[in-house]
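Asks: Residue numbers (the UniProt record's numbering), protein chains in the order written: chain A, 1 to 222; chain B, 1 to 296.
Here it is, the structure in full.
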């Protein structure tokens, strides 16, 4: 992925000590929280070998926790996220696990809320840049750098046509689109990045006009 | 346009008779759909964060969370007041500011990655010392941050800015080159002179390995930021004096990339080789992590 913006070289504003181990970890936590779309009750982090070995020294554990609690990369309370988590009753665990052939700084986040769960694998690529590798067991890639719609739906003909029709008529430009499914006619997830800010009414319109749609989550750009 | 070759950037600036900073701003406006004012304001807010981190550790000692490092920015600041230093006071001040940023970083304080957290001291160190010199306004300096960004993009897109991928040269070296080039433009140098400053600064960082003790962004990262703030100032002066980088900057960047690829993994942010593997390095690691960490 090429770097494009001045703010990727001068930025992000973050609490230290490491853009990949701290800022990137906060962003991964943020992504999981946004996809969950409710207050998390418990979370399990499984870290790849090298990420696990140094996580305490870099505050990666605090950063991941801060992220799922919705703190930004520059929030002064990142360094005491463990205490805050205990205060708000968020149960957390950290484990070491080989997750597969990913970037060494990769973590699996299993987040539980009252109504939803999110099962996410994401990598911290350096300089605070992150990339989701898997969502709910499907190989789905996105960075959260653009406004992103995550559409949970049944795999049926015409789904993308309806979605793109709605987006077009509501004035959205699709920057990137990818669909993954478990099997034909089964459960599928489509990730759609758009250039515009996502307005609240779009989700209602999508639910009304796209019958195959089961759920939508929004990840807002940085 | 994409930022991949410095010679293209220099040619474009010459053709349009504009600065590299302005070219970067134009691209940022086009890509982000924000106005110039909004973009400059965002950068200005980041500049305030840089300033806060640069002054904090000079005013009062700041220590890392692990307790391995800290207080050096304050020491250099106090020494500076004695008036007996070898370096010119302003240069030593840049060093103290750079140290401070990385001490704040190691203490889980707030910094701006420039381009990374591990190399976040060099650019603010130099820029805040220039702000204090009274020779440049805050607006001038904020604009020069866009020069630094453009140079960083070229290096990131054609080589790397990650210590894990390219060694310390990719972080400290890139930050030094970005800073040197940016202040050459600030000081009235031509785009070609900016290119020479990048080449000169980067050449002096080639081969620098990433060997942090315990894998932590502390030893030797903090010290390297302090010393390379001085290198950035020196490279800028060299370029403004008319010294040329005989090997063109784009080729130096390619050399850095090739050297990074040739570096063994033990010297690329794994905390296994170099200073990390010294007896003291290993003992400090054990002190922090409380147990013997198996080497992979």
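The beta-carbon is built from N, C-alpha and C at its ideal position, and this holds for glycine as well.
Because the structure is a prediction, the values reported are computed rather than measured.
When you compare the CB positions of residue 166 of chain A and residue 203 of chain A, do they come within less than 8 Å of one another, or not?
Replies: no
Asks: Between residue 254 of chain B and chain A, is the shortest Cβ-Cβ distance under 8 Å, so that the two count as touching?
Replies: With respect to chain A, the C-beta atom of residue 254 of chain B has no partner C-beta closer than 8 Å.
Asks: Within the same chain, show all residues whose beta-carbon is closer than 6 Å to that of residue 96 of chain B, passing over the 5 residues directly before and after it, in chain order.
Replies: Around residue 96 of chain B: 58, 73, 76, 77.
Asks: Kindly list the residues whose CB is nearer than 6 Å to the CB of residue 196 of chain B, restricted to its own chain and excluding five residues on each side of it in sequence; keep chain order.
Replies: 239, 244, 245
Asks: Any Cβ of chain B within less than 8 Å of the Cβ of residue 40 of chain A?
Replies: no
Asks: Of all Cβ atoms in chain B, is any one closer than 8 Å to the Cβ of residue 133 of chain A?
Replies: no
Asks: If you drop the 5 nearest sequence neighbours on each side, which residues of the same chain put their C-beta closer than 7 Å to that of residue 207 of chain B?
Replies: 169, 259
Asks: Between which two residues does the beta strand (DSSP E) holding residue 187 of chain A run?
Replies: 187-194
Asks: Fully enclosed by the stretch 92-119 of chain B, which beta strand (DSSP E) runs are 3 residues long or longer?
Replies: 110-112
Asks: Find the residues of chain B that neighbour residue 130 of chain A, judging by a C-beta separation of less than 9 Å, and give them in chain order.
Replies: In chain order: nothing, as chain B lies at least about 13 Å away.
Asks: Run the CB neighbour count on residue 173 of chain A, radius 10 Å, all protein chains shown included, and call it buried at 16 or more, exposed below.
Replies: exposed
Asks: Of the residues B:61, B:48, B:216, which one's Cα is nearest the Cα of residue 117 of chain B?
Replies: Nearest option by C-alpha distance: B:216.
Asks: If contacts are defined as beta-carbon pairs under 8 Å, then residue 178 of chain A and residue 28 of chain A qualify, I think. What distance do you get, rounded to the angstrom?
Replies: Actually they are not in contact, since the Cβ atoms of residue 178 of chain A and residue 28 of chain A sit about 19 Å apart, beyond 8 Å.
Asks: If I measure Cβ to Cβ from residue 171 of chain B and keep anything under 8 Å in the same chain, skipping five residues before and after, which residues do I get?
Replies: 115, 116, 118, 119, 161, 162, 163, 210, listed in sequence order.
Asks: Just how far apart, CA to CA, sit residue 253 of chain B and residue 11 of chain A?
Replies: In a straight line, the C-alpha of residue 253 of chain B is about 22 Å away from that of residue 11 of chain A.
Asks: In or out: residue 151 of chain B buried (at least 16 other Cβ within 10 Å) or exposed?
Replies: buried
Asks: Can you say whether residue 114 of chain A is buried or exposed, counting buried as having 16 or more other CB atoms within 10 angstroms of its CB?
Replies: By the neighbour-count rule (16 or more Cβ atoms within 10 Å), residue 114 of chain A is not buried but exposed.
Asks: Of the residues B:156, B:175, B:174, B:135, which one's Cα is nearest the Cα of residue 186 of chain B?
Replies: B:135
Asks: Are the stretch 17-26 of chain A and the stretch 84-99 of chain A touching by the rule of at least three beta carbon pairs closer than 8 Å?
Replies: no
Asks: When the Cα of residue 225 of chain A is compared with those of B:66, B:71, B:48, B:83, which residue comes out closest?
Replies: Nothing about residue 225 of chain A can be reported from this structure: the residues present for chain A run from 1 to 222 only.
Asks: Would DSSP call residue 167 of chain A helix, strand or coil?
Replies: helix
Asks: Using the Cβ count rule (16 or more neighbours within 10 Å means buried), how would you classify residue 11 of chain B?
Replies: exposed
Asks: Counting only beta-carbon atoms, is residue 52 of chain A nearer than 8 Å to chain B?
Replies: no
Asks: Leaving aside the five residues before and after residue 19 of chain A along the sequence, list all residues of the same chain whose C-beta is less than 6 Å from its C-beta, in chain order.
Replies: 127, 128
Asks: Would residue 107 of chain A and residue 64 of chain A qualify as a contact pair, given that the criterion is a beta-carbon distance under 8 Å?
Replies: yes
Asks: What are the boundary residues of the beta strand (DSSP E) that residue 95 of chain A is part of?
Replies: 91-96
Asks: Less than 8 Å between the beta carbons of residue 222 of chain B and residue 52 of chain B, yes or no?
Replies: no
Asks: Name the chain D residues whose beta carbon is nearer than 7 Å to that of residue 19 of chain A?
Replies: No chain D appears in this structure, whose protein chains are A and B.
Asks: Given residue 178 of chain B, which residues of its chain have a CB within under 6 Å of its CB, disregarding the five upstream and five downstream residues?
Replies: 148, 151, 152
Asks: Can you tell me where the beta strand (DSSP E) holding residue 217 of chain A begins and where it ends?
Replies: 213-219
Asks: Pull up the distance between the alpha-carbon of residue 24 of chain B and that of residue 141 of chain B, whole angstroms please.
Replies: 15 Å
Asks: Inspect the beta-carbon positions of residue 72 of chain A and residue 146 of chain A and report whether they are closer than 8 Å.
Replies: no
Asks: Run down chain B in chain order and give the residues with a C-beta less than 9 Å from the C-beta of residue 172 of chain A.
Replies: The premise fails here: residue 172 of chain A is roughly 14 Å from chain B at the closest Cβ pair, so nothing lies under 9 Å.
Asks: Using three-state DSSP, classify residue 37 of chain B as helix, strand or coil.
Replies: helix
Asks: From residue 69 of chain A to residue 62 of chain B, what distance separates their C-alpha atoms?
Replies: The alpha-carbon separation between residue 69 of chain A and residue 62 of chain B amounts to approximately 27 Å.
Asks: Quickly, what does DSSP pair residue 210 of chain B with across the bridge? List them, please.
Replies: As a beta-bridge residue in DSSP terms, residue 210 of chain B pairs with B:268.
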